[in-house]
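Trainee:
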Amino acid sequence: MKRFFLLLFSLVMLCGVEAFAQKLFFLEIKPSQSSEILNKISYKKTFLSETERDKEIQNVLFSLYDNAYLSASVDSVVELPSPVGEEVWGEVIYIKTGEQYKWATLLKGNVEEAILREVNPPLLRRGARGEAGKPLYFKDVRKLQEKILTYCENNGYPFASVKLDSIVISNVSISACINLQKNNLLKIDSVVNHGSAKISSVYLQSHLSIKSGDLYNESLIRKVGTRVKELSFVKERIPYRVLFPGANAKLELFLEKKNASQFDGIVGLLPDNKTGKVLLTGDAHLKLNNAFYRGELFELNWKRLQASTQDLKTHFVFPFLFKTPFGIDASFKLYKKDSTYLEVNPNFGIQYLLSGGNYFKAFVNRRQMTLIATTGLKHIITLPPYADITSSIYGISFKSERLDYRLNPRRGYSVFVTIGAGNKTIKQNPKLDANIYNGLKLNSVQYSSEFEAEIFVPIKNRSTLKIGNRSAYLQNDNMFRNELYRIGGFKTLRGFDEESIFASQYSIFTLEYRYLLEENSYLYFFGDAAYYENHSVSFIGDRYDTPYGFGAGISFETKAGIFSINYALGREFTNPINLKAGKVNFGIVNYF
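Take 1 as the starting number for the sequence shown in the working numbering and just add one per residue.
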């Protein structure tokens with residue numbers, strides 16, 4: 001039995017030696033006559049099989065063809081002797097490159113001038129000027145053919161073909177002309193959705209930029225899948241397809257409804273610095289996407305962030321007005337600061353829609369602020385912190401967003417910029433002493449700008465880093481507290497009371513690490529650092545500060561929606577961090 005195992009072991013070892021005795025094939029290429037072009041072509045010299053070596057020889061020949069050496073060929077092969085006891089085979093290949101072929105003439109043939117103006121190929125420009133003697137590079141010919149075909153495919157001729165015709169070879173010079181066969185002109189017959197999603201054909205065609213009656217455009221057809229992914233309220237069940245019944249093209253999609261409308265609420269438990277009790281705050285948000293199947297957006301937001309203070313906002317967007325790339329963007333805000341003042345803020349804009357839901361917008365924003373209770377102000381002799389103000393701001397906005405997943409992105413960015421300028425009027429309140437307005441410029445020009453940006457950088461497999469900035473700037477000679485920006489809280493500067501900081505200009509930087517638990521769930525640690533200034537009249541105290549906040553939270557998906565909770569601490573001025581003043585926010589987002 002022992003001898004049997006020794007024999008078996010020996011056989012295994014012999015087979016292993018045979019298996020690992022790898023054959024090697026070497027290649028060396030030399031010119032059969034003087035030629036510099038071969039020295040410029042790099043090639044692989046060691047192979048594991050003879051087939052791979054033969055393919056490399058063909059690749060060298062193809063490189064010569066691309067460099068206009070059309071008659072290049074293998075002249076001879078010399079096999080090198082194999083060293084004794086080694087599985088090595090070598091070859092020296094002698095290649096005859098021949099002469100470099102050159103153009104005599106290249107004529108446009110039946111290619112129309114309109115196509116030539118669009119394609120504008122250098123190769124044809126040389127031929128048109130009769131500049132003979134240029135090398136005949138295959139890559140130039142292929143590039144010319146591709147440009148002509150691309151133009152035809154995007155202008156109603158998806159089945160066009162192009163080739164060289166009337167070829168004449170004289171020694172190493174070639175003459176030819178281009179032969180273009182357009183075939184049938186095709187138009188878009190219809191764009192049809194066979195899925196369960198309810199969506200207007202007018203909106204769908206406008207979003208895809210493919211409308212009934214348009215010429216067939218291959219570049220737009222190829223973008224259909226990408227453009228559908230840009231819509232938050234539908235998804236493809238199966239990929240789209242294009243049919244060609246007769247002389248027309250029919251685009252068929254299979255779109256299913258995707259939950260994009262949402263209702264969310266945030267409840268805050270904040271310590272009241274005046275009473276020492278806990279203050280309950282709230283923020284409710286309703287967002288309806290494609291409710292009327294035209295891709296429209298309607299938002300309603302109600303907030304009670306402080307005692308006796310309420311904030312109501314509405315927003316409506318209607319895209320592709322009259323089948324154009326323009327859309328309506330209108331909003332209305334109503335803000336009541338206890339019994340101090342009331343702010344009414346309508347905004348109307350026209351969007352110019354870009355791909356991906358991005359847009360440019362021109363807008364007019366009107367703000368009217370009216371003092372409510374003036375009884376305590378009748379006998380003052382200096383300007384109060386609040387005033388009756390009316391302003392009309394005209395401006396432009398730009399939004400660009402590209403995120404891999406909007407609800408819980410791992411990579412991508414979003415940017416929003418707006419700038420504006422307009423007239424501001426301070427109204428004299430008849431219930432106040434008129435002398436307090438002396439020296440005050442009642443009519444002036446006001447400038448404003450806002451900037452928001454977020455970048456998501458993936459870290460390994462389940463983590464991402466969010467880097468963000470939110471900034472705003474308001475410039476005017478006489479600014480009052482009720483027209484300033486209000487920052488602080490869950491959506492701006494965490495660790496502080498909601499909208500407790502008034503600023504004429506600010507910049508908030510955010511760094512947030514997210515560990516992704518599931519598609520819509522993540523654990524996060526964050527830090528917010530801000531710089532702000534307050535240049536309002538009658539302001540007493542430090543006009544600038546650098547507050548910061550930090551904390552942690554978790555967001556996870558439940559049957560009722562996505563639930564989130566976080567805890568944050570903040571520090572401002574020279575005040576130390578107080579654990580008892582920590583802010584707890586929790587909320588839920590339901591998508592339907």
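Think of the CB as a built atom: it goes at the ideal place given N, C-alpha and C, for glycine as much as any other residue.
Tell me the residue span of the beta strand (DSSP E) that contains R402.
Mentor: The residue given as residue 402 occupies position 402 in the sequence shown. Taken as a continuous stretch (DSSP letters only), the beta strand (DSSP E) holding R402 covers D388 to L403.
Trainee: State the Cα-Cα distance for the pair L215 and E557, rounded to the nearest angstrom.
Mentor: To locate residue 215, count along the sequence shown from 1; it is residue 215. To locate residue 557, count along the sequence shown from 1; it is residue 557. Straight-line Cα distance between these residues: approximately 46 Å.
Trainee: At 4 residues or longer, what runs of the alpha helix (DSSP H) sit wholly inside the stretch 27-93?
Mentor: The stretch 27-93 contains these whole alpha helix (DSSP H) runs: 50-66.
Trainee: Please state whether DSSP places K583 in a helix, a strand or coil.
Mentor: Your numbering for residue 583 matches position 583 in the sequence shown. Looking at K583 - three-state DSSP - the assignment turns out to be strand.
Trainee: With C-beta atoms as the reference, is Y386 less than 7 Å away from F526?
Mentor: The residue you call residue 386 lines up with position 386 of the sequence shown. The residue you call residue 526 lines up with position 526 of the sequence shown. Against a cut-off of 7 Å, the Cβ pair of F526 and Y386 comes out as no contact.
Trainee: Helix, strand or coil for F322 per DSSP?
Mentor: Start at 1 with the first residue of the sequence shown, and residue 322 comes out as number 322. In the structure shown, F322 sits in a helix (DSSP, three-state: H, G or I).
Trainee: Go through its chain and collect everything with a Cβ distance to K35's Cβ below 7 Å, but skip five positions before and after it.
Mentor: What you label residue 35 is simply residue 35 of the sequence shown in a count that begins at 1. Correcting the residue type first, residue 35 is Ser in the shown sequence and not Lys. T97, listed in sequence order.
Trainee: Give the straight-line distance between the Cα atoms of I577 and Y548, rounded to the nearest whole angstrom.
Mentor: As a working mapping, residue 577 is identified with position 577 in the sequence shown. As a working mapping, residue 548 is identified with position 548 in the sequence shown. Straight-line Cα distance between these residues: approximately 10 Å.
Trainee: Cα separation between F322 and A362?
Mentor: The residue you call residue 322 lines up with position 322 of the sequence shown. The residue you call residue 362 lines up with position 362 of the sequence shown. Each residue's alpha carbon lies about 18 Å from the other.
Trainee: Compute the Euclidean distance between the alpha carbons of R117 and G327, then round it to the nearest angstrom.
Mentor: Reading the sequence shown from its first residue, position 117 is the one you call residue 117. Reading the sequence shown from its first residue, position 327 is the one you call residue 327. Their backbone Cα atoms lie some 34 Å apart in a straight line.
Trainee: For Q205, does the three-state DSSP call read helix, strand or coil?
Mentor: Translated into the one-based positions of the sequence shown, residue 205 becomes position 205. Three-state DSSP puts Q205 in a helix.
Trainee: For N217 and G156, I'd like the C-alpha separation in whole angstroms.
Mentor: Walking along the sequence shown from the start, residue 217 turns up at place 217. Walking along the sequence shown from the start, residue 156 turns up at place 156. In a straight line, the C-alpha of N217 is about 6 Å away from that of G156.
Trainee: Looking at T314 and F332, is the spacing between their C-beta atoms short of 7 Å?
Mentor: Reading the sequence shown from its first residue, position 332 is the one you call residue 332. Reading the sequence shown from its first residue, position 314 is the one you call residue 314. Against a cut-off of 7 Å, the Cβ pair of T314 and F332 comes out as a contact.
Trainee: By DSSP, does D545 sit in helix, in strand, or in coil?
Mentor: The residue given as residue 545 occupies position 545 in the sequence shown. Of the three classes helix, strand and coil, the one that applies to D545 here is strand, per DSSP.
Trainee: When the Cα atoms are used, what is the spatial distance from N290 to E498?
Mentor: Working through the sequence shown from its first residue, we reach residue 290 at position 290. Working through the sequence shown from its first residue, we reach residue 498 at position 498. Looking at the two C-alpha atoms, the distance is approximately 31 Å.
Trainee: Let's test the definition: count the other Cβ atoms within 10 Å of the Cβ of G16 and tell me whether it reaches 16, buried, or not, exposed.
Mentor: Residue mapping note: residue 16 aligns to position 16 of the sequence shown, counting from 1. Unreliable placement is indicated for G16, whose pLDDT of 38 sits below 50; no coordinate value is reported for it.
Trainee: Go through its chain and collect everything with a Cβ distance to I57's Cβ below 8 Å, but skip five positions before and after it.
Mentor: Locating residue 57 in the sequence shown gives position 57, where the first residue counts as 1. Closer than 8 Å at the Cβ level, and outside the excluded window around I57, lie L27, I29, V74 and I93.
Trainee: Note down, in chain order, each residue of its chain lying with its Cβ closer than 6 Å to the Cβ of L305, except the 5 sequence neighbours on either side.
Mentor: The count along the sequence shown starts at 1 and reaches residue 305 at position 305. Answer for L305: T281, E498 and E499, listed in chain order.
Trainee: From what residue to what residue does the beta strand (DSSP E) around F292 run?
Mentor: For the purposes of this step, residue 292 is taken as residue 292 along the sequence shown, with counting starting at 1. Segment: none, F292 is in no beta strand (DSSP E) and carries neither H nor E.
Trainee: Check each candidate in Q100, A373 and E572 and name the one with the smallest Cα separation from N171.
Mentor: As a first step, residue 171 must be located in the sequence shown, where it is residue number 171. The shortest C-alpha separation from N171 is found at Q100.
Trainee: Taking only the alpha-carbon atoms, compute the straight-line gap between F550 and F509 and give it to the nearest angstrom.
Mentor: Counting from 1 along the sequence shown, the entry for residue 550 is found at position 550. Counting from 1 along the sequence shown, the entry for residue 509 is found at position 509. Whole-angstrom Cα-Cα distance: 12 Å.
Trainee: Within 10 angstroms of its Cβ, does A472 collect 16 or more other Cβ (buried), or is it exposed?
Mentor: Here residue 472 corresponds to residue number 472 of the sequence shown, with the count starting at 1. That one is buried.
Trainee: By how many angstroms is the C-alpha of L286 removed from the C-alpha of I115?
Mentor: In the sequence shown, residue 115 corresponds to position 115, counting from 1. In the sequence shown, residue 286 corresponds to position 286, counting from 1. When rounded, the distance between both Cα atoms is 52 Å.
Trainee: Roughly how many whole angstroms lie between the Cα atoms of R402 and G495?
Mentor: Numbered from 1 along the sequence shown, position 402 holds the residue referred to as residue 402. Numbered from 1 along the sequence shown, position 495 holds the residue referred to as residue 495. So the two alpha carbons sit approximately 29 Å from each other.
Trainee: With a threshold of 6 Å on Cβ separation, who are the neighbours of N443 within its own chain once the five nearest residues in sequence on each side are excluded?
Mentor: The residue given as residue 443 occupies position 443 in the sequence shown. Answer for N443: T425, listed in chain order.
Trainee: In chain order, what residues of the same chain lie with their CB nearer than 6 Å to the CB of S449, ignoring the 5 residues before and after it?
Mentor: Indexing the sequence shown from 1 puts residue 449 at position 449. So the list reads I419 and Y473, once near-sequence residues are dropped.
Trainee: Tell me the DSSP bridge mates of T370?
Mentor: On the sequence shown, residue 370 is found 370 positions in, with the first residue counted as 1. BP columns for T370 point to L342.
Trainee: With DSSP as the reference, label F332 as helix, strand or coil.
Mentor: Within the sequence shown, the letter at position 332 stands for residue 332. Residue state, collapsed to three classes: strand.
Trainee: Where does I588 fall in DSSP's three states?
Mentor: The sequence position of residue 588 within the sequence shown is 588, counting from 1. I588 falls in the strand class under three-state DSSP.
Trainee: In whole angstroms, give me the CA-to-CA distance for L600 and S536.
Mentor: Nothing in the structure corresponds to residue 600, since the chain is present only between 1 and 592.
Trainee: Only counting the same chain, and skipping five residues up and downstream in sequence, which positions put a Cβ closer than 7 Å to that of G582?
Mentor: If you number the sequence shown from 1, residue 582 lands on position 582. For G582, where only same-chain residues beyond five positions count, the Cβ hits under 7 Å are Y567, A568 and L569.
Trainee: Which full runs of the alpha helix (DSSP H) of 4+ residues lie inside the stretch 154-237, going along the chain?
Mentor: Entirely contained in the stretch 154-237, the alpha helix (DSSP H) runs reaching 4 residues are, in chain order, 201-208, 218-222 and 224-229.
Trainee: My output table needs one value for F539: the three-state DSSP class, helix, strand or coil.
Mentor: Against the sequence shown, residue 539 aligns to sequence position 539. If DSSP states are grouped into helix, strand and coil, F539 belongs with coil.
Trainee: Just to confirm my understanding: we take L353, look at its own chain, exclude 5 residues before and 5 after, and list those with CB closer than 8 Å. What are they?
Mentor: Position 353 of the sequence shown, counted from the start, is the residue given in the question as residue 353. Around L353: P319, F320, P325, F326, G327 and Y359.
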